[in-house]
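> According to the numbering used here, the sequence shown holds residues 31 to 88 in order.
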Amino acid sequence: MTPRDAAVYIGVKINTLAVWRMTNKYGLPFVKLGKVIRYRKTDLDEWINKNVSTDRAE
């Protein structure tokens, strides 16, 4: 999926997603084919599941 689709899917702004990608801040997997960035839904689902917090403090 496109970066815009991925941002909507995980609930962040597209610019936030770009910063995370450039800094590898959260280890969000992506595929780069030349200049084209894509995200696989299965990778996003796995990333979400790994980052689920059970801590009630926010």
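In this text, a Cβ means the ideal position worked out from N, Cα and C, and glycines have one as well. Model, not experiment: these values are computed from the prediction.
#1: Which two residues bound the contiguous beta strand (DSSP E) that contains leucine 63?
#2: From the DSSP output, read off the bridge partner residues of isoleucine 44.
#3: Where does arginine 68 fall in DSSP's three states?
#4: Give the straight-line distance between the Cα atoms of tryptophan 25 and lysine 71, rounded to the nearest whole angstrom.
#5: If you check the beta carbons only, do tryptophan 50 and valine 42 fall under 9 Å apart?
The answer reads as follows:
#1: Looking up residue 63 in the sequence shown gives position 33. It spans 61-63 - the beta strand (DSSP E) in which leucine 63 sits, taken as one unbroken run.
#2: The residue you call residue 44 lines up with position 14 of the sequence shown. Looking at the DSSP output, isoleucine 44 shares a beta bridge with no other residue.
#3: Sequence index remark: in the sequence shown, residue 68 carries index 38 (1-based). The three-state secondary structure of arginine 68, taken from DSSP, is strand.
#4: Residue 25 falls outside the range modelled here, since the chain spans only 31 to 88, and no answer is possible.
#5: Sequence index remark: in the sequence shown, residue 50 carries index 20 (1-based). Sequence index remark: in the sequence shown, residue 42 carries index 12 (1-based). Yes, Cβ-Cβ distance for tryptophan 50 and valine 42 is below 9 Å.
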